[in-house]
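Step one of this worksheet: look at the structure below.
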Ligand code: AQP
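In the working numbering, the protein residues as written are 4 to 335.
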């Protein structure tokens, strides 16, 4: 049996990038007879400037959207990270396994630390250590596969290194997980800045399609997407034509086609943008409609999260207890 774990952090409203890069894979994964756990990783949202009430609101909204996207609590375990203490319990042991140097090499740390400094904010220590907490999220469940977007590749690599190191030093405790990525749209780019990832915490939302955007807003954002100058019609070239390549990736992900072959169907950017807008609107319509129904009954969502946390605790507790013993701590 393959066990799957993945998460989303409540730092903003979920985006098309989250959906195509991760959530859609999660919905597909829970159809298989695997054990699947999905988590709103709220502690990760505290690593940057945050507003407490907003994090709470976004945590419930993220859980509601995951259900609206098709996660079925009968087939998977959906929960909130801070409801299961095992994650932070294990994180400390992994901090004693990781080195300062390997955490400072993390690309996201470098980028976000630079951003915080430029904004005159202090860099939180947790921004440096959060990949270790992410490793704990994954390893606490003896996870085999982690379905994530391309941007999380380095963090899953770190998780693998920590699992191997811990196992070698203290005896076999953790499964060494693998990251899995979708074949297309593993890194959806910002529509206004196609060399940067579409990220939900970015302040300027004009290049970001949110899952809850109305069709009119989606169309406007797609039609205004930055495309590339140059002759030669519509070609798929991520290096020299990142804007067009991004639109072709999104279209391919929505329609199940191949981005290189799709390029041949177009002679101009206008028609391509219209088709992308239509495809994204249709993809998101059922998610938005189901979200509206579910959001009308937040108590039901909270119940799903409570039950999910109970199940997650049952799975994680023995693994983390085993790690405490293996590393040399006296049992209580
Ligand atoms: N643009 C994207 N394309 C493909 N996959 C993406 N993911 C995120 N953005 C894209 C994947 O979605 C999952 C959850 O992401 P997250 O909540 O960890 O990060 P985020 O949405 O990117 O949010 P932030 O706050 O803006 O974070 P940073 O700046 O850290 O990226 C993950 O599997 C992610 O790969």
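All C-beta atoms in this analysis are idealised placements derived from N, C-alpha and C, irrespective of residue type, glycine included.
Because the structure is a prediction, the values reported are computed rather than measured.
In its chain, beyond the 5 residues on either side, 173, 174, 176 have a beta carbon closer than 6 angstroms to the beta carbon of residue 329. In this structure, the CA atom of residue 230 is about 44 angstroms from the CA atom of residue 312. 7 angstroms or more divides the Cβ of residue 255 from the Cβ of residue 179.
Of the candidates 142, 199, 334, 219, the residue whose Cα lies closest to the Cα of residue 170 is 142. Short note on residue 216: C-beta not closer than 6 angstroms to any heavy atom of the ligand AQP. Cβ atoms of residue 162 and residue 138 come within 8 angstroms of each other, at about 4 angstroms. Taking the Cα positions, residue 51 is about 12 angstroms away from residue 205.
Per DSSP, residue 6 is not a residue of any alpha helix (DSSP H); the beta strand (DSSP E) it occupies stretches across 6 to 11. Residues of the same chain with a CB within less than 8 angstroms of the CB of residue 253, apart from the 5 flanking positions on each side, are 19, 23, 188, 191, 279, 282, 283 in chain order. As computed with DSSP, residue 42 is found in a beta bridge with 10, 82. Excluding its 5 nearest sequence neighbours in each direction, residue 90 has C-beta neighbours in its own chain below 8 angstroms: 46, 84, 136, 139, 140, 143, 319, listed in chain order. Remark: C-beta atoms of residue 33 and residue 25 do not approach each other more closely than 7 angstroms. Counting the other Cβ atoms within 10 Å of the Cβ of residue 99 gives fewer than 16, which makes it exposed. Excluding residues up to 5 positions away in sequence, 139, 142, 143, 323, 326 lie with their Cβ nearer than 7 angstroms to the Cβ of residue 93 in the same chain.
For residue 148, same chain residues with a beta-carbon under 7 angstroms away, outside a window of 5 residues either side, are 5, 7, 180, 181, 183 in chain order.
By the Cβ criterion, the region 62 to 69 is not in contact with the region 114 to 124, since fewer than three pairs of Cβ atoms, one from each stretch, lie closer than 8 angstroms. Taking 6 angstroms as the cut-off, the C-beta of residue 14 counts as close to a heavy atom of the ligand AQP. At the C-beta level, residue 81 and residue 304 stay beyond 7 angstroms of one another. With distances taken between CA atoms, residue 155 lies nearest to 21 out of 14, 296, 251, 21. In the DSSP annotation of this structure, the continuous segment of the alpha helix (DSSP H) that includes residue 134 starts and ends at 128 to 142. Residue 102 sits in coil when the DSSP states are folded into three classes, being neither helix nor strand. Residue pairing from DSSP places residue 149 in a beta bridge opposite 182. Per the coordinates, the alpha-carbon of residue 14 lies some 25 angstroms from the alpha-carbon of residue 246.
Under the DSSP definition of a beta bridge, residue 192 partners with 200.
For the pair residue 224 and residue 194, the CB atoms are nearer than the 7 angstroms cut-off. For residue 18, the pairing in a beta bridge is given by DSSP as 213. Relative to the ligand AQP, the beta carbon of residue 201 is positioned inside 6 angstroms of a heavy atom. The beta carbon of residue 310 sits closer than 6 angstroms to none of the beta carbons in its chain outside the five residues before and after it.
Taking non-hydrogen atoms of the ligand AQP into account, the C-beta of residue 204 is found less than 6 angstroms away from one of them.
Per DSSP, the continuous alpha helix (DSSP H) segment holding residue 169 begins and ends at 156 to 173. A check of alpha carbon separations from residue 62 across 109, 11, 78 identifies 11 as the nearest.
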